[in-house]
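Worksheet: the structure to be examined is printed underneath.
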Amino acid sequence: MGDSTRREFVRGAARLLAGSAAAAAVVPLAAACEPPDPTRSWTFRASIDVSALTSDGAAITTTTSGVDDAPILIVRTGHEAFAALSTRCAHEGCPVNPPVNGVITCPCHGSQYALDGKVLRGPTIYPLTRYLTYYDRKASRLSVGIAE
Ligand code: FES
């Protein structure tokens, strides 16, 4: 890990912890974090207010872009569970639509994805790119990061 990457990671980690009530929150962080492996390094990308996502399947298309320069879609997948997904279709790159009735659809050739980005129907054979997340229950914010 280079110096600039390390600094970025440290800044990201500091932002993640800033919303926590105390250092003791680090332990529950592992339980609330997606994926549940707290040992993975990631680069912080954004902190998104998810208070409006009150039902499963509710979504927000953010102005933050991921590694593919496509906006990141935040989807509530369950109680206190969220997915941060690329809006770039894994087939040929069209922007996918926000979910309707639990399905994310690409308008170009009809690929369909589940709320967690997994493929439901082709032509794509690949899932949507999924980013790492950490949900801060107290602040109702989702931190999104990119695995290193
Ligand atoms: S680009 Fe999305 S289905 Fe082809």
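Going by my numbering, the sequence shown opens with residue 19, and the numbers climb by one from there. Just so it is clear, CB atoms sit at the ideal spot from N, CA and C, and this is done for glycine as well.
Check, Outcome
"Those residues, in chain order, that have a beta-carbon closer than 5 Å to some heavy atom of the ligand FES", "107, 109, 110, 112, 124, 126, 127, 129"
"First and last residue of the uninterrupted beta strand (DSSP E) at residue 90", "89-96"
"Contact test: residue 164 Cβ vs the ligand NAD heavy atom, cutoff 7 Å", "No copy of the ligand NAD appears in this structure; the ligands present are the ligand FES."
"Cut-off 8 Å between Cβ atoms - residues of its own chain near residue 64, not counting five sequence neighbours on either side", "80, 82, 90, 161, 162"
"CA-to-CA distance, residue 61 to residue 30, given in whole angstroms", "Only weak support exists for where residue 30 lies, its pLDDT of 41 falling under 50; the value from the coordinates is given anyway. Rounded to whole angstroms, residue 30 to residue 61 spans 6 Å at the Cα level."
"Outcome for residue 94 when other beta-carbon atoms lying within 10 angstroms are tallied against a minimum of 16", "buried"
"Pick from 111, 119, 157 that is closest to residue 145, judged by C-alpha positions", "111"
"Where the beta strand (DSSP E) through residue 180 begins and ends", "For the chain, the structure presents residues 19 to 166; residue 180 sits outside this window and is missing."
"Residues near residue 88 by beta carbon distance below 6 Å, same chain, minus five either side", "104, 105, 106"
"Nearest-angstrom Cβ-Cβ length linking residue 96 and residue 74, presumed shorter than 8 Å", "6 Å"
"Residues bridged to residue 150 [DSSP beta-bridge criterion]", "163"
"Same chain, Cβ closer than 8 Å to residue 100, neighbours up to 5 away in sequence not counted", "52, 68, 71, 92, 93, 94, 151, 153, 160"
"CB contact flag (residue 139, residue 102, <8 Å)", "no"
"Rounded C-alpha distance that separates residue 127 from residue 116", "16 Å"
"One or two residues paired with residue 121 in a DSSP bridge", "118"
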